[in-house]
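Line by line, the protein sequences are chains A and B. Per the numbering used here, the very first residue in the first sequence carries number 787; after that it's consecutive. Per the numbering used here, the very first residue in the second sequence carries number 78; after that it's consecutive. The C-beta atom is built at its ideal place from N, Cα and C for all residues, glycine as well. Here is the structure we will look at, set down as structure tokens.
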Amino acid sequence: MATPTNYSRRSILGLAGLGAGAVLLNACSGDDDGGGSGGSATVEWWHIANTEPMLPVWDAMAKAYQSAHSGVTIKITPLENEAYKARLTTVTQAGTPPDIFHTWGGGVLKQQVEAGLVKDITSDTADVRGTMIDVAMGPYEFDGKAYALPVDQGMIGFWYNKALFAQAGVTAAPATWGELLDAVRKLKAANITPIALAGKDKWPGHYYWAYLSMRIGGLDLLKQAGEDGNFNKPEFVTAGQRLKELVDLAPFQKGFLATEYGSPDGQAAIIGNGKAAIELMGQWAPSVQAEASGKPKGLGDNLGFFPFPAVDGGKGTATDAFGGGGGFAIGKDAPKEAVDFLKNLLSIDNQRKAAATGAIIPVVKGAEDALTDPNAKTVAQTLASSSGFQLYLDQAYAPEVGQEVNETVAQLMAGKMSPEKVTQAITDVAQR
Amino acid sequence: MSHSADQITAPRPSQTAAAPAPVKSQKRQGRRWLTITLFLLPALVLFGVLVLLPMLLAMYTSFFDWNGLGGRPTDFIGLENFQRLLTDDIFLGDLKRGGLLIVLSLLIQLPLSLGIAMLLNQKLRGRGFYRLLFFVPYVLSEVITGVLFTMVFSPNRGLAEHIFGWFGFDDVGSTWLSDPNTVMYSLFFVMTWKYFGFHMILYLAGRQSIPNELIEAAQVDGAGSWQAFRHVTLPLLGPTIRISIFLAVIGTIQLFDLVWVLTGGGPLHASETLAVTMFNDGFRRSDIGYASATSIVMLLISLVFALGYQRFIMRRDIEGAITVMQDKK
Chain A
787 MATPTNYSRR SILGLAGLGA GAVLLNACSG DDDGGGSGGS ATVEWWHIAN TEPMLPVWDA
847 MAKAYQSAHS GVTIKITPLE NEAYKARLTT VTQAGTPPDI FHTWGGGVLK QQVEAGLVKD
907 ITSDTADVRG TMIDVAMGPY EFDGKAYALP VDQGMIGFWY NKALFAQAGV TAAPATWGEL
967 LDAVRKLKAA NITPIALAGK DKWPGHYYWA YLSMRIGGLD LLKQAGEDGN FNKPEFVTAG
1027 QRLKELVDLA PFQKGFLATE YGSPDGQAAI IGNGKAAIEL MGQWAPSVQA EASGKPKGLG
1087 DNLGFFPFPA VDGGKGTATD AFGGGGGFAI GKDAPKEAVD FLKNLLSIDN QRKAAATGAI
1147 IPVVKGAEDA LTDPNAKTVA QTLASSSGFQ LYLDQAYAPE VGQEVNETVA QLMAGKMSPE
1207 KVTQAITDVA QR
Chain B
78 MSHSADQITA PRPSQTAAAP APVKSQKRQG RRWLTITLFL LPALVLFGVL VLLPMLLAMY
138 TSFFDWNGLG GRPTDFIGLE NFQRLLTDDI FLGDLKRGGL LIVLSLLIQL PLSLGIAMLL
198 NQKLRGRGFY RLLFFVPYVL SEVITGVLFT MVFSPNRGLA EHIFGWFGFD DVGSTWLSDP
258 NTVMYSLFFV MTWKYFGFHM ILYLAGRQSI PNELIEAAQV DGAGSWQAFR HVTLPLLGPT
318 IRISIFLAVI GTIQLFDLVW VLTGGGPLHA SETLAVTMFN DGFRRSDIGY ASATSIVMLL
378 ISLVFALGYQ RFIMRRDIEG AITVMQDKK
């Protein structure tokens, strides 16, 4: 007598199916755009540049390609970051990835590759890969084979409000962790919220722990942990303790646990509106600040960038960079035009056009001269002179490990979990 | 004309089933089943494909360690996913939080709805308007409600913060959704805002099916308005209240959309529900096997509650309907 109507009151039952739903989706979805050969083809393209300035730029590139190749239709689906992750997961689990889709590389892409959802594009793209900067392909290659191409390669660093720093009497960008803590204290003393943090989204918080682990233990530590799943190492614990020093200063805006990153009252908007002095964020930060705060120029000249500071006695160097870019993978059933269009996106002209917006840092050598924004130039230069590179941990590791990093670090930053418990919890998941 | 008469009598055999001729009755019995089958078939197929099959598949995948990618699950681990659930603080917390929401609903939300329904049953200027007004939140989707209240409760520029700020409680306004200790009550507030109108309409309909003469008779016998309510209206509202409790509990067990949009289950899992945990494990962590196990437990909880509730509490309410059918047979 469990009447089905009670369940259908909520759409939850669809979720109760989960894997089942995936199988059904697979069965239902038409294969209208797959395996096109010459003549006419439809290329389905999912990207996450759902706002200005990149949205119209990519639209224009798709239109230009369509008019140059009659019969090819590029169907674009721009999605917001979080929505994209959720939606891509459902279609990949159903076994029907889009023809071209955004990827950050690393563990998630590897899982998709192992499931046979992504095309091996090693030989098709050899020419384009030769034109790229050296560190660019790292996250997208496994066992010497290429499964995606980057279009953007950036890094995480501190973005700060110069005016607020001056107001608080902070004269130089902090070069060590101790100096950063001092800057935070000065800002607090001047009644300025030192740091904006999107606690609801969790991933922005993991940057702190990841960077501290890199500075304290070096890149090999993170690589090793990714392989053996053992995070119970003194360096990771120390990273947690250093982070706790910062958290104990209560540097974040009030209510940070419920703050999102990109919403009109989120982390980016808080910085864009001058309500907090610092955020630790990637190369896209200035454009999202402008968009979310509703100010076309954001902070303008008042916005500055400095790399994550060194930690005294740490094994890592301050020139190691952490972050990632964005790339595109080719779905298993994609027509050959998809690869061709992707290569077209990576022509030096198109990379220059994209770079000119300031929202991405180009991967093709020579295109960086199109960067006009001084902050973007700084990021590009810092990256070009970096001694090593680590991809975001929630992308580099398998999804459950990455999520556990995000969630336990969020607990640490809320003061609810000790540094030792964080490493133990991540190890438990990684070794399960 | 005889053709159409046949068609009409076929689906209503109960009137003629008592006829003495056994052979004829058997033949009619067979046609009756054919008709029933034909009419039920489309619904049964849909129910099977869209409800039963996914359930069975979820049950199947719950025995595997599976990331959802690459065809079929292969890594059979028996009941390990279910064992993991029993030691998972988030899952156990979900049960506690679900229990809290149910208790709050029964103690606050439903009595409030009942009170308002009784109030709006009085002769009152503009009561049609109030009835409509209170029902409006129920018509909104949960997602819209969620978005609306994330703005109201926004820590830095929310309406709630402004209002409380006028009275000098700045900090109260900013911690609605960001403090693990208050988030459940904020969530319950939003739930109540959204659903009290629905229960109010149920009670109002129930109240209006009670003849006023009964209450007048009680009043003639000297009952005060509280006594009349307590001993006449409330018992007669019994069936309505029982179905309303049933809907509130099942709805709470499966709560997802509202929580997802409002808090995402946070901060720090403090407002997570079973469905949110399931989504996180399945779609964020690609741990489909484990998420399926959660969904199975959710199904079992709902099922046990639904069956138990109908068997023991709503028995009298549904008995009427069933016995009438059996009598006619």
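Counted within 10 angstroms of its Cβ, other Cβ atoms place Trp-995 of chain A as buried (16 or more) or exposed: buried
Neighbourhood of Ala-959 of chain A by C-beta, 6 Å cutoff - its chain only, sequence neighbours within 5 removed: Phe-1092
Same chain, Cβ closer than 8 Å to Ile-834 of chain A, five either side skipped, listed in chain order: Pro-864, Leu-865, Glu-866, Asn-867, Tyr-870, His-888, Gly-1112
Cutoff 7 Å; reference Asn-1088 of chain A; Cβ partners in own chain excluding five residues on either side: Asn-947, Lys-948, Ala-949
Bridge-paired residues (DSSP) for Lys-861 of chain A: A:Glu-830
Chain-ordered chain A contacts of Thr-252 of chain B [CB-CB under 7 Å]: Gly-1041
Any C-beta of chain B under 8 Å from that of Pro-990 of chain A: no
Beta strand (DSSP E) segment containing Ala-1115 of chain A, residue limits: 1111-1116
Same chain, Cβ closer than 8 Å to Phe-382 of chain B, neighbours up to 5 away in sequence not counted: Val-326, Ile-327, Ile-330
Same chain, Cβ closer than 8 Å to Val-1165 of chain A, five either side skipped, listed in chain order: Gly-940, Met-941, Gly-943, Gln-1069, Phe-1091, Ile-1147
Thr-889 of chain A - DSSP class collapsed to helix/strand/coil: strand
Outcome for Gly-274 of chain B when other beta-carbon atoms lying within 10 angstroms are tallied against a minimum of 16: buried
Coarse secondary structure for Phe-212 of chain B, derived from DSSP in three states: helix
Cut-off 6 Å between Cβ atoms - residues of its own chain near Arg-208 of chain B, not counting five sequence neighbours on either side: Leu-197
Coarse secondary structure for Pro-1205 of chain A, derived from DSSP in three states: helix
Best match in B:Phe-230, B:Gly-341, B:Arg-362 for proximity to Val-353 of chain B [C-alpha to C-alpha]: B:Gly-341
Beta-carbon proximity check, Lys-1163 of chain A vs Ile-919 of chain A, cutoff 8 Å: no
The segment 1044-1060 of chain A contacting the segment 1074-1081 of chain A, beta-carbon criterion three pairs below 8 Å: yes
First through last residue of the alpha helix (DSSP H) which encompasses Tyr-946 of chain A: Here Tyr-946 of chain A belongs to no alpha helix (DSSP H); instead the beta strand (DSSP E) covers 943-947.
is_contact[Leu-983 of chain A, chain B] using C-beta, thresh 8 Å: no
Selected residue, minimal CA-CA separation from Phe-1022 of chain A, among A:Leu-1131, A:Ile-1002, A:Ala-1211: A:Ile-1002
Exposed unless 16 or more other CB atoms sit within 10 angstroms - verdict on Lys-988 of chain A: buried
Amino acids of chain A, ordered along the chain, whose beta-carbon sits closer than 8 Å to that of Arg-64 of chain B: Residue coverage of chain B in this structure runs from 78 to 406, which leaves residue 64 of chain B outside it and unanswerable.
CB contact below 8 Å: Phe-1017 of chain A versus chain B: no
Where Lys-986 of chain A falls, given that 16 or more other Cβ within 10 Å makes a residue buried: buried
Cut-off 7 Å between Cβ atoms - residues of its own chain near Asp-1180 of chain A, not counting five sequence neighbours on either side: Trp-989, His-992, Gly-1188, Gln-1189, Val-1191, Asn-1192
CA-to-CA distance, Ile-1116 of chain A to Pro-1072 of chain A, given in whole angstroms: 29 Å
Distance CB(Pro-1037 of chain A)-CB(Val-937 of chain A) smaller than 8 Å: no
Cross-strand partners of Ile-330 of chain B (DSSP beta bridge): In DSSP, Ile-330 of chain B forms no bridge with anything.
Contact list for Arg-392 of chain B against chain A, beta-carbon separation under 9 Å: Residues of chain A passing the Cβ test: none, with the nearest at roughly 11 Å.
From B:His-346, B:Phe-323, B:Ile-287, residue whose alpha carbon lies closest to that of Gly-385 of chain B: B:Phe-323
Supposed contact pair Tyr-933 of chain A and Val-899 of chain A - C-beta distance, whole angstroms, cut 8 Å: 5 Å
Residues near Thr-1194 of chain A in its chain [Cβ-Cβ closer than 7 Å; skip 5 each side]: Met-1203, Val-1208, Ala-1211, Ile-1212
Chain B contact for Pro-1205 of chain A (CB, 8 Å cutoff): no
Closest Cα partner of Ile-154 of chain B within the set B:Ser-139, B:Gly-145, B:Asp-166: B:Ser-139
Uninterrupted alpha helix (DSSP H) stretches inside the segment 938-1024 of chain A (no shorter than 4 residues): 948-954, 963-975, 989-1003, 1005-1014
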